[in-house]
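K.L.:
Quick one: this structure, given as structure tokens, is what I'll be asking you about.
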Amino acid sequence: MTKGTTSMGQRHGRTHILCRRCGRNAYHVQWERCAACAYPRAQRRRYNWSVKAIKRRRTGTGRCRYLKVVHRRIRNHFKTDIKA
């Protein structure tokens, strides 16, 4: 048996699978614990180490198709063009 870098290339099993709560590929199969949200613990795992990284993936960084439409509908008081 060798140890070190050569044995690292022989690993084929999955360490992490999708988490049921946060949906990220961070649920450890053997430990049965999510590395991202700490599922099944009741309190969510959340740290403020990287504020920039959190800002990169929060609401408003994507297309926001629905939010654009809702904002316009709020200004018009949710009126529709349907005439009875």
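Numbers in our numbering are just positions in the sequence shown, counted from 1, shifted up by 143.
Here a beta-carbon is modelled for each residue, glycine too, at the ideal position from N, C-alpha and C.
1. Since Tyr190 sits in a beta bridge, which residues does DSSP pair it with?
2. Measuring alpha carbon to alpha carbon, tell me which residue in Ile197, Arg154 and Gln173 is nearest Ile160.
3. Report the three-state DSSP secondary structure of Tyr209 (helix, strand or coil).
4. Within a Cβ cutoff of 6 angstroms, which residues of the same chain sit near Arg188, ignoring the five residues on either side of it in sequence?
5. Using DSSP bridges, identify the partner residues of Ile160.
6. Taking the alpha helix (DSSP H) that Thr149 falls in, what are its first and last residues?
7. Going by C-alpha to C-alpha distance, which of Thr149, His171 and Gly147 sits closest to Gly156?
P.N.:
Quick answer:
1. Answer is none; Tyr190 lacks a bridge partner.
2. It is Gln173 whose Cα lies nearest to the Cα of Ile160.
3. Here Tyr209 sits in helix by DSSP.
4. These residues qualify, in order along the chain: Cys180 and Ala181.
5. Tyr170
6. Thr148 to Met151
7. His171
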